[in-house]
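One structure is given here, and the rest of the page talks about it.
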Amino acid sequence: MWSAGTVTGGEGVVLGKMPLRAQYLPQQGPKPRCPGKCHLQVTRALHHLLWAPCLVPCGVFSPIVSLVARTVLPSGSVVVNSCSSVAEQLCNFICDCSDCSDENQCGYLRDSAVLGTPFTCDFEDSDCGWQDVGTSMYGWVRGRASLAMWGMGPHSDHTVGTDLGWFLVTMSPPAKTTATAWLRSPEMREAAATCEIRAWYHLSGSCESTQGLNQTERPVLRLAVAHKDEVVELWQSPEHSSEGWHQLVAYPGRIMEQFQLIFSLTQPPTCGAEVALDDIMFRNCGLPEVGQQACGAQESRCHRGSCLAQRRFCDGTDDCGDNSDEGTAQCKNFTQCSFDYDLCDWEMAAGPPVWGRNTSLNLGTSYSIPTRDHSNNSRAGFFLHVSSDPNAQAGGTAQLSSPTFQATNSCSLVLYCHLHGSATSNLSISYVTNSTKHLMRERTGDLGSCWVRERVDFNVTDPFKVLIEGVAGSGGTVAIDDLILSQGCVKEQEKPLVTLPSQAGASPCAADEVACDSGDCIAAELACDFADTCADGSDEKRCGTTTFESGAGGWHDVSVGQLRWGLQKVTESDIFLTGTFLALQTGEGQMVGPAKARSPPLGPSGPSCTMEMSYNIHSDPQGFLAISVADHTTGTTQLVWQTQHRGSTAGGHVRVPLGERSRAFQVELLALVDLQGSASVGVDNVTFEQCYLDVVSPTAAGMARELSCNFERGMCGWYQDLSSDFKWVHSTGQGQGSDHTTGSGYFLSVDSSVPWSHGQRAQLLTSLQEPAAAPRCLSFWYRLAGPQIGTLNLKLWPEGGEEVVLWTCRGTQGSLWHRAWATLPSTGQQRYQVAFEVLHDGFLGDVGLDDITQTAGPCGAKLSCSFEVEGCGLAASGKGTWQRQSNSTGTTAGPVADHTTGTSTGHYMVVNTGRVSLPAGHTATLTSQPYQPSVSAQCLAFWYQLSAGTPGSLRVFVEQSRVRRKVLSMSTMEGSNWHRSHVTVQPNGEWQVVFEAVGAGGDHGYIALDDLHMSEGACPKPASCDFEQGTCGWSSPSDPRLHSFAWGWKSGITLAKYPGPEQDHTLGTRNASGELRVTLHGTTGQRTVWSVAGHRSRGWQGAVVPVQSPSEFQISFEISTRRWPMEGTVALDDIMYSTRVGCHCSPESPVEGAGKLGQGGVCSSGCERSTQSCPGCWAEAGGRSLGSGSSLTAFPPPAEKPSSSFGSFVAEVVLGVLLAVVIVALVAAGGWYWLKQRRLASRTLIESNSSQGFDNITFRDDKVIISSREGDQS
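Each residue of the sequence shown is one higher than the one before, starting from 41 at the first, in my numbering.
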């Protein structure tokens, strides 16, 4: 879901109607980053495939409010037209002002401070002038994600990858009628022919009438351009789309004068779909620069002064920007056919199929049909097209032939083609002499919804005809427009006989079949599936495996720009390329971008599938070669491999795992270099190895049963599902911390910040395992760290059955290793797979997995249990019945939300204590499995909730040798919150914990339990914590107003990506604007009891805070900032809480800077005369810096009532007490430090083999939001 802000009387930002705890205070923000020179953003380029041109100097931003977006913009009033440029120079993609402010609020800003790209709107600072222009409540707003309402909509924006980022999103769809939400840009001017629009969209939701988004009646997102009196569609969302962010690419073509862009989302009745838009980018949209330039030998000058390649004059496109390259005088001898009136001198061959002459107005809005012609960029313009016919036989070819031309060496043909909707559509350009066809150029596949320029030069010694042939693949359309013949194409007057070759006979195969070389027909999906279906194996001949000596081997160029892939012979010795290879060449398209070659549709594939190839790349450091995999069923493309040139020739042989893929896919080769110099890219000797579904490599077969793995020597029996959105990486700790096994070895990690990880899901799988007759225990070490890391699941996939979740953990658990166990059940006669699955909430965070161990027999008692998956082996007995449920699905009254997730879908254990279910005096028990003592003392912690009224009582027993000993009992509690309790157990053998609910005879009531955790060592005092082994119940609240800012548990050995204190107890900040506060939360409200402003020092600062409350209360740390992103670090350590020490406190006002102690301390004296209670003295050692709305909340036990009160003190006594406080503090600090050093030296190493010192709760902007609840979830 999204959340939008509103304005409330200048008091800051609110979310809905709830005030933000962390406010953005008005202050001029930092200037956006300004790259100082032209460069290729390679990291983002491989994700966005974008060039970043030169940027002009940055201007100044300050806060504004956008009434259109109905939000308070977090920073940046955008300066517009500071140099008072004339209207014709505004929003024309050219910077006329020195600060480029004439290009602000144009649907884009001059640049994106986050992405570093110009003419981009990331919606972080404003709405860039986009307006909701709908006439109903259904419309667009600027908003951000809310993880507290996890479900519909994106969980994060696309720019920064967190729920702090902004985007545009639709809201309030009608329930019973078809409706459209409209979004319009400001007016723009003069788009160049090279203009490219890219944006990221997130389509989510369901249609009840069509049972999902993949049916005929579906929500459709469209992008159109409004120019003059016409609205022309540029792009529409594909018929099939998966959840997550997807990129759209649209080419508006050359547009003169003013125009506007329009996004629209149309959805049918009962369809609750939602669309978000982010990162709208405009590339190469400005006209060529005005002014005299030095032109090259193959260039000519435009009237504006810019230079243009001579091959692009008289080609039907205004490349100069003033149409001087298409002037009548210089192009008078060229012959152009736009099909606006007839076929000119071109002739159609008899069909079917035949080329049809038509307009977009008449053909409608089918996905594959061109949305406008090329000549006029209009829906009313004519073109020729051929579309697929589901009832026709396969392989039908439509032919169009020219008049007969004289032999020539200077005839060229320029045309514009449109291939869209099918991966198998084909357009070929040939010439015919003496009934023989000579192929000159061929385009295959889906080039997108755009007109692509093609040029063919003929050098023919006999009279000839040009032959254009089109084959529309299933669901696709092939169209052509603007056939332009150069002045060297002279008609043959004597009309010698040049006849077209006879067409091959109609294929015997149906439209959904392909023909073998033998003439047999097989289903189309069986071609290129890595298994011979045709008896002669011809269905696998042109499927990407090739040396290129006999042709392209099924690879086809789908480039639309000025680079393309083509076959080329080696001209000098090369150890990686031999004979003929696939080379990067100059292309004829008008766009600017990487070249792309695509394989035929392949697969499905097996888990060992690998692509191998040789390559060579020579370019400047900005060039790259990459491999991606496209899944047209889901509309997704994954980058699976890439290499960048490092300044000298590079090459090699690469193996790229493709893995198991259940649907057909296509492999893409992408390359981008500057071919002006000696740069080159080549690919050769491509093979696909072990890709058949049932093929398992010998190594994998031998290790298929080996689930135990420390990843030091490979993946053992595990492999990654490469069809998922992002990847597990075999890591050595570069940016993700050390491994668990040795501290310097290997582990598996998921780093969601790399560009190709921006997706929803990553899976790690085993091969199919043989049926298991008995249960086994799988233990593993995991790490979940980062503000948006999401969920880690362990699943069992029975063959042919429903998946079973064995274990789950959601949300950050701190930057250290935790251990978990799960029992793998017996599977009877079914084979099965085991899978680890990561589900992202956003793009920030790391997951680690190490030391997986499988042992015989079920796991013992779980040390941690959140009840999210199952009951963890706890056995219920007695009169009443404990049951596991969530509030959203449960049948028994219980808490509205669980403690683990804070949502109504989270699970807990609950028992109904009403007198009907549990009469007075009757009991319902819940008994754990036996725990094995590993140390002399163990700490049992749990969270509980008792209903209001007469809920009965909850008693906790420790049972050993069949003898029960009561250790805790509680019968009342204030409010309806979860409360934490713990008890130290000192067993001398195997023991169990027993929870017993006792009925009290009330009409209604319940008792609930959640988040049980067993740890080694004695329990700390309530609310006190040194953070060495856990967070002791301190946690970041699940508050949507905080936008997922959270405190995180960290060690002094920090992760590279998440800066924090370099040693435990360190605080540093470079930012002195902001405040750290301590507040008390109780039934009477909230009160600040201590605060301190941010400072610039390093080192730990101590503080003592008096705490007083007449009723149960919570302690909370809160941080506010005036600046975002925040600079510096905040850390807290060694919190100590003691009751009835006798603090000097004042109930009337907050205590400002209540003292400094080295690492804690005590205070003496008492409350001033009053009936106010003074329950405790609370000390903390920590630092102050800037965070944005982060709070850390503890849940101490109910406050004790004071036994007496004190009278007023005279001034002398007060001064004496203050002096005593200073003396005692100094003594306590020295003694405390000495005691802690001894305690640290003797502490037993728990859980992790890495170094001790997990002392810090750390906060740093959106990169260190790592919340941790009590202990490890298992």
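By construction, the Cβ of each residue, glycine as well, lies at the ideal position given by its N, Cα and C atoms.
What first and last residue would you give for the beta strand (DSSP E) that runs through residue i?
i     : result
N952  : H947 to N952
N402  : Note, N402: premise wrong, no beta strand (DSSP E); alpha helix (DSSP H) at S400 to L403.
F982  : Q978 to L986
N466  : N466 to T473
V998  : S993 to Q1000
A555  : E553 to A555
M1054 : Y1046 to E1056
Q1141 : Q1141 to V1147
M651  : T650 to H658
R224  : A219 to R224
V126  : No beta strand (DSSP E) holds V126; DSSP gives it neither H nor E.
W275  : E270 to Q276
M631  : Neither: M631 is in no beta strand (DSSP E) and is coded neither H nor E.
Span of the alpha helix (DSSP H) holding residue i?
i    : result
N449 : Counting along the chain, N449 falls outside any alpha helix (DSSP H), though it belongs to the beta strand (DSSP E) covering T448 to H460.
Please identify the residue among the options whose C-alpha is closest to the C-alpha of residue i.
i     : options                       : result
T199  : Q298, C561, A690 and M321     : M321
S789  : F876, N1017 and C490          : F876
P970  : S212, P898, P1146 and G989    : P898
D724  : A592, R258 and L804           : A592
A896  : L348, S526, H880 and L818     : L818
C146  : P292, T160 and G1042          : T160
V713  : S855, Q678 and P661           : P661
V492  : L440, A860, T848 and G601     : G601
G510  : Q716, Q439, S720 and R823     : Q439
C1072 : L1116, S1021, G1142 and A1040 : S1021
L710  : V936, P644 and I667           : I667
Q287  : P309, T921, L261 and T399     : L261
G913  : Q1032, A337, Q684 and G646    : Q1032
Measuring straight from C-alpha to C-alpha, what distance separates residue i and residue j?
i    : j    : result
T448 : C384 : 22 Å
G396 : H425 : 5 Å
S904 : C568 : 49 Å
N833 : Y786 : 21 Å
P393 : G594 : 24 Å
M480 : R224 : 43 Å
Y241 : G193 : 11 Å
Q506 : V472 : A quick correction: the sequence has Val, not Gln, at residue 506. Taking the straight line joining both Cα atoms gives about 6 Å.
H780 : S771 : 12 Å
A316 : S764 : 22 Å
G436 : S428 : 9 Å
Q293 : H343 : The sequence as given places Gly at residue 293; Gln does not occur at that position. When rounded, the distance between both Cα atoms is 21 Å.
Where does residue i land, buried or exposed, given buried means 16+ other C-beta within 10 angstroms?
i     : result
E839  : exposed
R229  : buried
R638  : buried
T676  : buried
D318  : buried
Q972  : exposed
T956  : What sits at residue 956 in the sequence shown is Val, not Thr. So V956 counts as exposed.
A233  : buried
K1061 : exposed
L624  : buried
Q1026 : exposed
I615  : exposed
Length-filtered (3 minimum) beta strand (DSSP E) runs lying within the stretch 487-542: The qualifying runs are 492-500, 505-511 and 517-525.
Could you tell me which uninterrupted beta strand (DSSP E) segments, each at least 3 residues in length, are contained entirely in the stretch 799-861, listed from first to last along the chain? Assignment of beta strand (DSSP E) within the stretch 799-861, counting only whole runs of 3 or more residues, yields 801-806, 816-825, 831-838 and 844-850 in chain order.
Give, in chain order, every unbroken run of the beta strand (DSSP E) that is at least 3 residues long and sits entirely within the stretch 693-770. Runs found: 706-712, 720-729 and 758-761.
Entirely within the stretch 278-332 and at least 3 residues each: give me those beta strand (DSSP E) ranges in chain order. List check, beta strand (DSSP E) in window: 285-290, 295-307 and 314-323.
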